[in-house]
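Notes for the one structure printed next.
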Amino acid sequence: MSLEAVIIIGVVILGFVFLYIFLKRNQPSDDVLEIVKLLQSTAAQDRETLLSTLQQHTHSLNARLDRAAEVIGNVQKNIGEMSEIGRGMKEMQEFLRAPKLRGTIGEHILKELLTQLLPKQSFHLQYKFRNGATVDAAIQTANGIIPIDSKFPLENFRNMASAATEDEKNKFSKLFASDVRKHIKDISEKYILTQEGTIDYALMYIPSEAVYYEIVNSIPLYEYAGKLRVLPVSPTTFYAFLKAILMSYEGQKIEKQAQEIIRAFRALQSDYQKLDGSLSVLARHITNAYNATASVMTNFTTLGHRLTTSLPGKQEEDDQLKIEE
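Residue numbers (the numbering used here): 562 to 886.
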């Protein structure tokens, strides 16, 4: 109850007390009756005001309680959703405990990256070598086959990350390094087969960026991988690697097209040389024919001149006939 309401009630009570004492001492008069009526009217108005104020406060309080209940309901709903997410994460963690299932996930991600970036004819999944070994993927390049095997050494990495003490962390760090070394050695021995057309290094695809950076930030592990000619790659670095391979394919395509253009020009050059030879022969024949024609014309002209000069003319023949007559 507010201070204002308490004061009003106190004033009303004091009024009634004062009235009671006054009436005890004297007989009520008209003025007193008027005062009593006025006090009763004022008390009634004060009660109505007080009730109205209380109702307003009650309504406001109920509205706030409704909003609070709504907020609490939303919070409970969100807590339920977070619990579902937590259960889902726990189930995912349990799912990833099985090495074979982790390997399946890594192979699937590897397949998706290859399919999205490279031409279908440029790579093979589950590529089998003649010695019976099967690698997760193999990329065909001009220099040879690039073998790629997916590895996901998660168990000891997770133990290392959740270790409570420094000793436990060092223990699991050594176990993690041992797991990675084993994977590197297996890839190097099984899949770098230059006698079967591979290049002299292989890729170890690691589906987790966190696991990848733990490996490459360890100088001993990175040097060991380099010594055995195994290159660790994560989804991000493998994407960049594939883009470089794709650019080399484009370069090879351009080079092939350039070679085809050069071959076409060489064929055109050969045809030109043949045509040039034929035109040269034709020109010689035309020149010879022209020379022969000119020689014949010259001889013909000379013969005509001789005939003209050796025979008597028509006037001489007429004079000779007159003499004979």
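Using N, Cα and C, we set each Cβ at its ideal position, and we do this for glycine too. Predicted, not measured: the structure shown is a model, and the values here were computed from it.
Item: From Met-808, Leu-803, Ile-706, residue whose alpha carbon lies closest to that of Phe-690; Value: Ile-706
Item: Continuous beta strand (DSSP E) assignments of at least 3 residues falling wholly in the segment 672–748; Value: 684–689, 695–702, 705–711
Item: Test item: CB-CB of Val-791 and Ile-745 under 7 Å; Value: yes
Item: Ser-734 versus Gln-756: straight-line alpha-carbon distance, rounded; Value: 36 Å
Item: Which listed residue (His-620, Thr-798, Thr-869, Asp-697) has its alpha carbon closest to that of Ala-771; Value: Thr-798
Item: Leu-782 beta carbon less than 7 Å from that of Val-741; Value: yes
Item: Same chain, Cβ closer than 6 Å to Ala-694, five either side skipped, listed in chain order; Value: Lys-751
Item: Same chain, Cβ closer than 6 Å to Ala-699, neighbours up to 5 away in sequence not counted; Value: His-685, Tyr-688, Ile-706, Pro-708
Item: Straight-line Cα distance separating Pro-796 from Leu-889; Value: For the chain, the structure presents residues 562 to 886; residue 889 sits outside this window and is missing.
Item: Own chain, CB closer than 7 Å to Lys-730, minus 5 neighbours either side, in chain order; Value: Met-721, Ala-724
Item: Proximity to Glu-784 [Cα-Cα], best of Thr-848, Gln-617, Ala-738; Value: Ala-738
Item: Beta strand (DSSP E) segment containing Pro-793, residue limits; Value: 791–794
Item: Residue environment, Tyr-774, which counts as buried when at least 16 other CB atoms sit within 10 Å; Value: exposed
Item: Sub-7 Å separation of Ile-753 and Thr-759 beta-carbons; Value: yes
Item: Neighbour-count burial assignment, Met-765, 16 or more Cβ in a 10 Å radius; Value: buried
Item: Straight-line Cα distance separating Lys-835 from Gly-865; Value: 45 Å
Item: Ile-748 vs Asp-710 beta-carbon contact at 7 Å; Value: yes
Item: Element boundaries [beta strand (DSSP E), containing Leu-754]; Value: Here Leu-754 belongs to no beta strand (DSSP E), and DSSP marks it neither H nor E.
Item: Close Cβ partners of Leu-807 (< 7 Å) along its chain, the five nearest in sequence each way excluded; Value: Leu-678, Leu-679
Item: Closest residue to Tyr-800 among Leu-736, Leu-674, Ala-630 (Cα-Cα distance); Value: Leu-674
Item: Which residues DSSP lists as bridging Met-765, in chain order; Value: Asp-710, Pro-793
Item: Three-way DSSP call (helix, strand, coil) for Ser-839 in this model; Value: helix
Item: Buried or exposed (CB count within 10 angstroms, at least 16 for buried), Lys-712; Value: buried
Item: Pairwise C-alpha distance: Glu-727 and Asn-778; Value: 19 Å
Item: Residue closest to Leu-736, alpha-carbon to alpha-carbon, out of Lys-681, Ala-703, Ile-776; Value: Ile-776
Item: Residue from Leu-671, Thr-702, Ser-769 whose Cα sits closest to the Cα of Ala-805; Value: Thr-702
Item: Straight-line Cα distance separating Tyr-851 from Val-842; Value: 14 Å
Item: Leu-671 burial status per 10 Å Cβ neighbour count (16 or more: buried); Value: buried
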